[in-house]
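Q: Could you have a look at this structure, given as structure tokens, before my questions?
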Amino acid sequence: MAAFLLRRIGYGLLTVLGVLFLLFVLFFAVTNPDDIARKAVGERARPEVYAQWKANHGYDKPLFLNKAFAGGDMRRYTDTLLAEHYRRMLTFDFGRSDADDSPIATRLWQGAGPSLSLTVPLFIFGLVAAVALGLFVAFFRETYIDRAVLVLCMLTMSITSLLYIIAGQYLVGKLLNWFPISGFDPNPAVVARFLALPVLVGIVAGIGADVRFLRTVFIEEMSRDYVRTARAKGCGDARVMVRHVLRNALIPILTNIVVAIPFLFTGALLLESFFGIPGLGSLTVEAIQGNDFSTLRTMVYIGALAFILGQILTDISYAIADPRVRLG
Amino acid sequence: MYRLWILAAVACGLAVPGCTNNPYPDTDRDKKVLYSSFNEAPKTLDPAVAYTTAEHVITGNVYDTLLEYHYLERPYRLIPGLAEAVPEAKKLPDGRQSYRFRVRPGVLFHADPCFAVGQAGRQTRDVVAADFAFALARVADPAVNSPVISSFAQVQGFADFSKRLVELRKTEGFGALPAHEQYARADGIAGVVAHGDKELEIVLAEPNAQILYWFAMPFTTPIAWEAVAYYDGKDGRRHFADHAVGTGPYRLALYEKQYRFTLERNDAWYGSVPANRDAPGAVFPKVIDPQDIAEARIDASYAGRQLPFVDRVKFSREREDIPRFNKFLQGYYDDGGIIKESFDAVVQGDRLSPAMQARGMRLDKTVEPSIYYVGFNMEDPVLGVPAGERGRKLRQAMSLAVDSQQYLELFLNGRGVPAQTLLPPGIFGYAAGYKNPFRQYDVARARKILAEAGYRNGIDPATNTRLKLSFDTSATTASAGLQFEYLARAWREIGLDIEINATTYNQFQDKIRRGAYQIFIWGWLADFPDPENFLFLLECQSARSKSGGPNTANFCDKEFDRLYREMKDLPNNEQRARLISRMLAILERERPWIELYHLENFVLSHAWLVNSKPMGISAPAYKYKDVRPELRARLQAEWNAPVRWPLYLVLILVVAVTAPAVRTYYRERL
Amino acid sequence: MHWVSNAVVLLLVLGAIWLARVVPRERYWRENALELWRRRRVAIAVIAAYLLIGLLDSIAWVDAASEANALTSGRPATIVDRIFKPESLKEASYSAPLASVSFYGGQPLAHPGAHLLGTDLLGRDVVYRTLKGVRVALLIGGLTSLVVIPIALLFGVSAGYWGKRIDDAVFFAMTVLASVPNLLLLIALIMVLGKGTVQVCVALGVTGWVHFCRIARGETLKLREADYVAAARALGVSDAGIIRRHILPNIAHLVIITFALSFTALVLSETILSYLGIGLDGSWGQMIDQARNELSRTPVIWWNLAGASIALFTLVLSVNIIADAMRDVIDPRTRREGR
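Chains as they are written, first to last, in our numbering: chain A, 493 to 820; chain B, 8 to 677; chain C, 1413 to 1751.
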């Protein structure tokens, strides 16, 4: 088990290094630091101001090779943008935003709270709803309920999430006056009102695909022998579904869950942007609209890190659940 | 199992009564709070740098200035703020001019940890004349990068001071000194003299009649050197750009710049000191225009009362227009602009629709001192000066093909005045009733002039295809795209082949820098109500290609420049009017711009917001406004009752649809 | 550059003709295709209609300049443009579907009753704009995938077949690319490359490549161990021969299904890109984004949004249905039970 763990984590680290290289190529080799400097500082500043800004934000060194140093000197390779990039990202030294100079790490901290307060309930309630609906439909398979739900799933999967958000805001916020149209206030007395609508819209948008998947998994479990045995023994239906089918179907469900954890952090981009929730997703959208490359770079990195972590956790949980994996 | 379903349905049903769409906590309901919104997050609160409306909303109310604009009078008039009187120019020998300000007593900075404990045990101190000098020194400091540094060029010694600072900073250790030390060692600005604690003298090397307007803007507000030294971003302290230490009627109590900020009443404001009881900037105007009273804009009972009235102003960020407007309609914002989409529901003919009037709302209209225009790059070989008469006729033809009125109606619900010249109504030099012959929509005439230019039907005889022109834009939103498409279509109508090159902001600035643009679209909102602030946009030395200035059209006309220099410092008299009309005649003929429109600001206010008169010039106004909280609470509750029946209906439907299956199943099982 | 799109169309048509000749020869393909047609006639017909519209919109040529067509000459006009003649059908501004007066102000229209779905802010016919969006959608979903699939297959099959170093390298590249959340990578690519049709397609290609590669690699790994492959190798068939004759045909059906699913994913993700301002010009996503504000007007202006949404929804739904049906058709279990 330990060997497996080490191997897996080692590979994860290697992947992180690879991702950093990709980011480097995208954000340093392809983009022009002069343009970024001009956008941030303004058009009419003197050359020294640009140079100063570039130095402050880490754009002023040569890309791969610093020819200012001689061949044998290590600094030829370490005093470059590439080396700086790796050093800063691996030590989580994110620096400052290109657009308004604020420290990125602070913004990340501030944004994490609202993001989590949206995505965690979304995830949990979404999962519960999908599982409940999936069990219900699997139980009533081949009946009109099953067919109707399948058709509904197909329909809902074909609608773009943009439309869900627009319709949700219009119907629930404007016509029915149930919840505020948008906004956010961390005050615990009122925070639930602001989250109710985005969570609802998020669940409705994603439930179609989940239910279809879960239904397949559950139906496959239900055809197993032990289910027939349990029924023959006289177990009630609910008991059978929940205690036997659900539990054994957990393995594939689990792998899907763990894979989704990274998205809890990167935040639901669209939902946060439309509903004005000041989380990490909002931060990313602002970075896009403000041409803020350093924040965008950091967000992509964080997303990748969370994803890789999620993969490692998935593999580990799979290894724990299924002995064949860790011994093989 | 179906017991679970029933339980879930009941739970949902019980949750419904708790629903509400009020975004504010219930405890706020009875305080004197004003709710407003902002769209763009402020980039900086440094008064020497802050230039956008979003930033000015804060700096204008948190920082006081020597002079202010009278809240109600139109055209705008300067009144004393922190100064005891509006100074007259005093002529000095060798052509210099001097203005002397006397600062009022009892002006204190906001209590802030950057001060040592001072009067009455609070961490604050009196404002002295040296604080104004410090503020101007910061504007002159190249490291601060103030966008208005060139506007103070006539102040004696201004540019020299900047140069001395740059030189001294090259020496060892100088750069590590705090800012006020550096300015002291550089001997300050020669033309800014503090006489004692309360007298400030500004000496101009040459006359500049508009300089007084700059003293009504936060660029010249007194700044505490302690604040600049303390808020340096180290040890967890904020940057000075994110922290405001002013003297104003409000302090910045909460500042999360991306999401919300709050202004709180300053109890130690100079207006509350008995000596300043009649300071024009601290009391509501005693004389009120009867029209303002008749239109219920201003409540006459406020005349002469002490300011401010509201305890707190809360701003929330609304990035999207529609949710903002909807929240306004629900009563959760006290004022706001109208959005295009709901215009017809709100305004009918020229007044508020009956539905809105029934809600007690008010509509206020002001024409902003602004001009929105399409510009030509006058250095372009096809469109500009190198093409001589041909280029001129081409520009004239294109100018005739654009219908400003229709543009306004399509994209702005007619909220604007089609522009005849670049000067908007309310600015000296604007001639009401004057019609620019090249701004009257006339496609036939446009085609004729285009043919005279040698491009019959738009065909370029050199290539035998339509003349290809590039329209360069930097806005990438869908709605902006539609506006550009409309303009391009107007020119295609006379036969030209227009290609819209919409790029990101970076790419656009690149093009401008390289001079690789032909047609562009831009807008300008005046800093102060003087024609110089518009005409300078076409002065040769402001040309983009020569000095990176705002004259993006690169318009260079010797006669125009000569007239400009003559008219710049004249008072608003006959001679000035004549010079200006000659300048406008040149612009009319040469067509460096197609003047589109002057924007009209439509501001809606709710019945509970009192004393709200929109000012076209960006100026502090919250100290004059007031709210009636009980009225607001009552109307909000009335307008936002949640509609519950759809939820019950859906629940019943779900149960009804699934019941047959459940019942059949249980029956078959037995 | 209309001759580019003309050339591409020609290539595609030639490719389709070649396929139509090759496929019926194999009994496996012929039977599956017929079975699919039997089950989902409507969906297939719908997709064929979309393809036809896209085709019509891709063939363009330029009219010579003359007095008569002063406005439209000089620009390449596609067949759809010529049928609809958008310039001559223009109104001033909004009008309701099949109306004879304009929406605001009630003035009589230039072409009363001619607009099936009304007109938008600039007076352009909504049906025309929706049809123009078909080509963009097919471009995003279809062309991008078509370009990406051969490259992905190349890497995936090589990795799966030859294993060891090649496999390690390809697998690593795939993992690195897959580790970055899709939307974020897409945004980063477009921000860096700039706005434009080619750039967006390249970005979509880079993010979509991994999916195909993974499928190809997985299947190839499985197939490599099959008996008949070992037999072929014993008989002395070359590597290339094995790949061409045994591996490729057996992963083809999976590739097709994945193509269908990734098509819908790409088209739906383009709407999100349009919202962020970095999508393609003239796409349905852009129409939805433009129209999003119109829902808030009173009375509501819904036809712009309806046109784009219905077109998008129908296309995506049809492809989803076909993908589902394909999976059922190919899976022997469901076939055998004769459902």
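The beta-carbon is built from N, C-alpha and C at its ideal position, and this holds for glycine as well.
Treat the numbers as computed from the prediction; the structure is a model and nothing was measured.
Quick check on residue 462(B) - is its C-beta less than 8 Å from some C-beta in chain C?
A: It does not: the Cβ of residue 462(B) has no partner Cβ on chain C nearer than 8 Å.
Q: Buried or exposed: residue 569(A), going by 16 or more other Cβ atoms within 10 Å of its Cβ?
A: It is exposed - the Cβ of residue 569(A) has fewer than 16 other Cβ atoms within 10 Å.
Q: Indicate the three-state DSSP secondary structure (helix, strand or coil) for residue 87(B) in the structure shown.
A: The answer is strand: DSSP assigns residue 87(B) an E or B state.
Q: Give the C-beta separation of residue 349(B) and residue 332(B) to the nearest angstrom, bearing in mind that I take them to be a contact with Cβ-Cβ under 8 Å.
A: With 8 Å as the limit, residue 349(B) and residue 332(B) qualify as a contact, their Cβ atoms being about 6 Å apart.
Q: Which residues in the same chain have their Cβ closer than 8 Å to the Cβ of residue 1448(C), if we skip the five residues on either side of it in sequence?
A: Correct list, in chain order: 1456, 1734, 1737, 1738 and 1741.
Q: Using the beta-carbon count (16 or more within 10 Å), is residue 284(B) buried or exposed?
A: Exposed: under 16 other Cβ atoms inside 10 Å.
Q: Going along chain C, which residues have a C-beta under 7 Å from residue 810(A)?
A: Within 7 Å Cβ-Cβ: nothing; residue 810(A) doesn't reach chain C, min ~17 Å.
Q: Just the chain C side, please: which residues come within less than 8 Å of residue 650(A) by C-beta, in chain order?
A: 1676, 1725, 1728, 1729 and 1732, listed in chain order.
Q: Tell me whether the region 1463-1477 of chain C and the region 1485-1503 of chain C touch, counting them as touching only if at least three CB pairs, one residue from each stretch, are closer than 8 Å.
A: Yes: the two stretches touch, three or more of their Cβ pairs being nearer than 8 Å.
Q: Does residue 74(B) pass the burial test, meaning 16 or more other C-beta atoms within 10 Å, or should it be called exposed?
A: So residue 74(B) counts as buried.
Q: For residue 605(A) and residue 580(A), what's the separation of their Cα atoms in angstroms?
A: Roughly 24 Å separates the two Cα atoms.
Q: Quick one: list the residues of chain B neighbouring residue 1417(C), beta-carbon separation under 8 Å, in chain order.
A: None at all; the shortest Cβ gap to chain B is about 18 Å.
Q: Tell me the start and end of each unbroken alpha helix (DSSP H) in the region 420-489 of chain B that is at least 4 residues and wholly inside, in chain order.
A: Within the region 420-489 of chain B, the complete alpha helix (DSSP H) runs of at least 4 residues are 450-459.
Q: To the nearest angstrom, report how far apart residue 499(B) and residue 1696(C) are at their CA atoms.
A: Whole-angstrom Cα-Cα distance: 25 Å.
Q: Just the C-alpha distance for residue 493(A) and residue 237(B), rounded to the nearest angstrom, thanks.
A: C-alpha separation (whole angstroms): 56 Å.
Q: Tell me which residues of the region 1594-1611 of chain C have at least one Cβ-Cβ distance to chain B shorter than 8 Å, keeping chain order.
A: Within the region 1594-1611 of chain C, the residues whose Cβ lies closer than 8 Å to some Cβ of chain B are 1606 and 1607, listed in chain order.
Q: Report the rounded CA-to-CA distance for residue 59(B) versus residue 1501(C), giving the unit in angstroms.
A: If you take the alpha carbons of residue 59(B) and residue 1501(C), they lie about 43 Å apart.
Q: Exposed or buried, residue 679(A), counting other C-beta atoms within 10 Å across all chains shown (16 or more means buried)?
A: Exposed: under 16 other Cβ atoms inside 10 Å.
Q: Where do the ends of the beta strand (DSSP E) carrying residue 344(B) lie?
A: Where residue 344(B) is concerned, the enclosing beta strand (DSSP E) stretches over 342-344.
Q: With distances taken from CA atoms, which of 1421(C), 1719(C), 1556(C) and 1539(C) is nearest residue 1672(C)?
A: Of the listed residues, the one whose Cα sits closest to residue 1672(C) is 1556(C).
Q: Using beta-carbon positions only, say whether residue 426(B) and residue 277(B) come within less than 8 Å of one another.
A: Against a cut-off of 8 Å, the Cβ pair of residue 277(B) and residue 426(B) comes out as no contact.
Q: By DSSP, does residue 212(B) sit in helix, in strand, or in coil?
A: In the structure shown, residue 212(B) sits in coil (DSSP, three-state: anything other than H, G, I, E or B).
Q: Please report the distance separating the alpha-carbon of residue 699(A) from that of residue 645(A).
A: Roughly 8 Å between the two C-alpha positions.
Q: Check whether the region 124-140 of chain B touches the region 190-208 of chain B, counting contact only when three or more Cβ pairs, one atom from each stretch, lie closer than 8 Å.
A: Taking 8 Å as the limit for Cβ pairs, the verdict is that the region 190-208 of chain B does touch the region 124-140 of chain B.
Q: For the region 130-212 of chain B, list the alpha helix (DSSP H) runs that are entirely contained and at least 4 residues long, ordered along the chain.
A: Here the runs fully enclosed are 136-147, 165-176 and 186-192.
Q: Counting Cβ pairs closer than 8 Å, one from the region 1632-1648 of chain C and one from the region 1710-1718 of chain C, do we hit at least three?
A: Result no; under three Cβ-Cβ pairs closer than 8 Å.
Q: Confirm, please, whether the CB-CB distance from residue 122(B) to residue 132(B) is below 8 Å.
A: The answer is yes: Cβ separation under 8 Å.
Q: Based on Cα-Cα distance, which residue from 1525(C), 1641(C), 1540(C) and 1574(C) lies nearest to residue 1469(C)?
A: When only C-alpha atoms are compared, the closest one is 1540(C).
Q: Which chain C residues sit within Cβ distance under 7 Å of residue 492(B)?
A: Under the 7 Å cutoff, chain C gives 1534.
Q: So who's on the other strand from residue 1537(C), going by DSSP bridges?
A: The partner list for residue 1537(C) (beta bridge, DSSP) reads 1531(C).
Q: Quick one: does residue 1695(C) have its CB under 8 Å from some CB of chain E?
A: Judged by its chain identifiers, the structure shown contains no chain E, and its protein chains are A, B and C.
Q: Could you say which of 467(B), 577(B) and 560(B) lies nearest to residue 218(B) if we only look at CA atoms?
A: Considering only alpha carbons, the answer is 577(B).
Q: Got a sec, what are the start and stop residues for the beta strand (DSSP E) residue 323(B) sits in?
A: Counting along the chain, the beta strand (DSSP E) containing residue 323(B) begins and ends at 319-324.
Q: Need the endpoints of the beta strand (DSSP E) that residue 1634(C) sits in, please.
A: Note, residue 1634(C): premise wrong, no beta strand (DSSP E); alpha helix (DSSP H) at 1609-1636.
Q: Using the Cα positions of residue 638(A) and residue 791(A), report the straight-line distance between them to the nearest angstrom.
A: Spanning the two alpha carbons is a distance of roughly 41 Å.
Q: Would you call the region 160-178 of chain B and the region 188-204 of chain B touching, i.e. three or more CB-CB distances under 8 Å?
A: Judged by Cβ distances under 8 Å, the region 160-178 of chain B makes contact with the region 188-204 of chain B, as three or more pairs qualify.
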